[in-house]
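A.B. asks:
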Amino acid sequence: MNKDNLSDIEVEEFLSFLLEKENVKIDKGAKDTLVKYPGLDPDKFPQNSLEEQIYLSLPEAHQQLLMYGNGMEIYEGSYRIFGLGTSLYRDMGYWNHPQVWKHAWGGYPDQFLCFGESITGNQYAYNLHDLHHNEDNAKVYELYAVTFTELMVYDNFKEFIVNGFFNGVEDDPYHNRIKQARKKFGPFDKNKQLVYTPNPLLTGGELEGLDLQLMDAQTAMTLNGDIALQLANKESLEGLKNIENYTDDQGRARIRVNWNNV
830 MNKDNLSDIE VEEFLSFLLE KENVKIDKGA KDTLVKYPGL DPDKFPQNSL
880 EEQIYLSLPE AHQQLLMYGN GMEIYEGSYR IFGLGTSLYR DMGYWNHPQV
930 WKHAWGGYPD QFLCFGESIT GNQYAYNLHD LHHNEDNAKV YELYAVTFTE
980 LMVYDNFKEF IVNGFFNGVE DDPYHNRIKQ ARKKFGPFDK NKQLVYTPNP
1030 LLTGGELEGL DLQLMDAQTA MTLNGDIALQ LANKESLEGL KNIENYTDDQ
1080 GRARIRVNWN NV
């Protein structure tokens, strides 16, 4: 099977090809709701372009997935894999630019290449050092949108795409909340995220009882970073005065955490 006909086959046939196993099965809901965009042709990337550099750094299985679908989502945009060098879906190169949202986190996310997300903003990512040294065996991390800490770690991209993405939706409080929000707001726009309000870091980390609202994805990740960075060295919220919204010198929505003078 070559790149010219990868995008024309059914998803389970593609995954069987990817894993070199027969009869790979995925969740029926994921299969029925899969939306994928035309597969990329890596030969069309300009030599030494950012897109080519990112593409060549990816595990072979991830490269093949992009040739199958250059951007894809399941459950009406609840879970997403970004494209590369595309205007049809969220672009991986753009999303990882330091000034899009990573700047608000004090540099910590710069060690990751984020290639997908859940609608709540949890990022699917490689550690760049691991990606450089382990290539096809680079681990995949699911990182919590509110703190950028690990929620799940997969041994490699193949394990992630089958067990974490296509077969990862479970009957649990987290996925059920997304299901409820999908009934209320869905289908989800590719450039939106659901955010907890108020931010969980302002409520002791608990999610139960918090509202979910739609927000521009770039803004959501920026504001999460603002709050996480400003609360990082605080042992408690004692002395918290208020949360102030402002616009920075580049026109980006930001948050300032103000404290009472001690």
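All letters in the sequence shown, in the order written, are residues 830 to 1091 by my numbering.
Built from N, CA and C at the ideal position, the CB exists for glycine as well.
(1) Taking the Cβ atom as the reference point for each residue, do residue 924 and residue 941 lie within a distance shorter than 8 Å?
(2) Distance check for residue 1066 and residue 862, CA to CA, integer angstroms please.
(3) According to DSSP, is residue 930 helix, strand or coil?
(4) Alpha carbon to alpha carbon, what distance is there between residue 1045 and residue 1030?
(5) Would you kindly work out how many angstroms separate the C-alpha atoms of residue 884 and residue 857, rounded to a whole number?
(6) Can you tell me the Cβ-Cβ gap for residue 890 and residue 986, rounded? I've got them flagged as a contact below 8 Å.
(7) Are residue 896 and residue 868 close, meaning C-beta to C-beta below 8 Å?
(8) If you compare alpha carbons, which of 962, 1015, 1086 and 991 is closest to residue 844?
(9) Can you name, in chain order, every residue of its own chain whose Cβ lies under 6 Å from the Cβ of residue 981, other than the five neighbours on each side?
(10) Is the CB-CB distance between residue 914 and residue 880 below 8 Å?
(11) Please name the residue in 871, 974, 873 and 1033 whose C-alpha comes closest to that of residue 1064.
(12) Rounded to the nearest angstrom, what separates residue 906 and residue 1019 at their Cα positions?
(13) Considering only C-alpha positions, which residue in the set 859, 976 and 960 is nearest to residue 901?
(14) Quick one: is residue 984 buried, meaning 16 or more other Cβ sit within 10 Å of its Cβ, or exposed?
(15) Give the secondary structure of residue 939 by DSSP, where H, G and I count as helix, E and B as strand, and everything else as coil.
(16) Using a Cβ-Cβ cut-off of 8 Å (strictly less than) and excluding sequence neighbours within five positions of residue 850, which residues of its own chain qualify?
(17) Under a three-way DSSP split, which group does residue 838 fall into?
(18) Is the beta carbon of residue 1086 sitting closer than 8 Å to the one on residue 1059?
(19) Would you mind listing the beta strand (DSSP E) stretches within the stretch 951 to 1016 that are 3+ residues and don't spill past its ends, in chain order?
(20) Check this for me: beta carbons of residue 1051 and residue 933, under 8 Å apart or not?
C.D. replies: In terms of the structure at hand:
(1) Along the sequence shown, read from residue 1 onward, the residue named residue 924 stands at position 95. Along the sequence shown, read from residue 1 onward, the residue named residue 941 stands at position 112. The answer is no: Cβ separation not under 8 Å.
(2) Your numbering for residue 862 matches position 33 in the sequence shown. Your numbering for residue 1066 matches position 237 in the sequence shown. Roughly 42 Å between the two C-alpha positions.
(3) As a position in the sequence shown, residue 930 is number 101, starting the count at 1. Looking at residue 930 - three-state DSSP - the assignment turns out to be coil, as it is neither helix nor strand.
(4) Locating residue 1030 in the sequence shown gives position 201, where the first residue counts as 1. Locating residue 1045 in the sequence shown gives position 216, where the first residue counts as 1. Distance between the alpha carbons of residue 1030 and residue 1045: 20 Å.
(5) Taking the sequence shown and counting its residues from 1, the one referred to as residue 884 is at position 55. Taking the sequence shown and counting its residues from 1, the one referred to as residue 857 is at position 28. If I take the Cα positions, the gap works out to 30 Å.
(6) As a working note, residue 890 is residue 61 in the sequence shown. As a working note, residue 986 is residue 157 in the sequence shown. Between residue 986 and residue 890 the Cβ distance is about 5 Å, and since that is below 8 Å, they are a contact.
(7) Taking the sequence shown and counting its residues from 1, one reaches residue 896 at position 67. Taking the sequence shown and counting its residues from 1, one reaches residue 868 at position 39. For residue 896 and residue 868, yes; Cβs fall inside 8 Å.
(8) As a working mapping, residue 844 is identified with position 15 in the sequence shown. It is 991.
(9) Position 152 of the sequence shown, counted from the start, is the residue given in the question as residue 981. Within the same chain, residue 981 has close Cβ partners 971.
(10) Against the sequence shown, residue 914 aligns to sequence position 85. Against the sequence shown, residue 880 aligns to sequence position 51. Result yes, Cβ atoms of residue 914 and residue 880 sit closer than 8 Å.
(11) Translated into the one-based positions of the sequence shown, residue 1064 becomes position 235. When each option's Cα is compared against that of residue 1064, the closest is 1033.
(12) Numbered from its first residue, the sequence shown carries residue 906 at position 77. Numbered from its first residue, the sequence shown carries residue 1019 at position 190. Taking the straight line joining both Cα atoms gives about 6 Å.
(13) Counting from 1 along the sequence shown, the entry for residue 901 is found at position 72. Among 859, 976 and 960, the Cα nearest to that of residue 901 is on 859.
(14) As a first step, residue 984 is located in the sequence shown; it is residue number 155 there, counting from the start. Looking at its Cβ environment, which holds fewer than 16 other Cβ atoms inside 10 Å, residue 984 is exposed.
(15) Residue 939 sits at position 110 when you count from the first residue of the sequence shown. Three-state DSSP puts residue 939 in a helix.
(16) In the sequence shown, the residue the question calls residue 850 occupies position 21. Contacts found: none.
(17) Residue 838 sits at position 9 when you count from the first residue of the sequence shown. In the structure shown, residue 838 sits in coil (DSSP, three-state: anything other than H, G, I, E or B).
(18) Translated into positions along the sequence shown, residue 1086 becomes position 257. Translated into positions along the sequence shown, residue 1059 becomes position 230. A contact, by the Cβ cut-off of 8 Å.
(19) 952 to 956, 969 to 972 and 979 to 983
(20) Residue numbering aside, residue 1051 sits at position 222 when the sequence shown is read from its first letter. Residue numbering aside, residue 933 sits at position 104 when the sequence shown is read from its first letter. Yes, the Cβ-Cβ distance between residue 1051 and residue 933 is below 8 Å.
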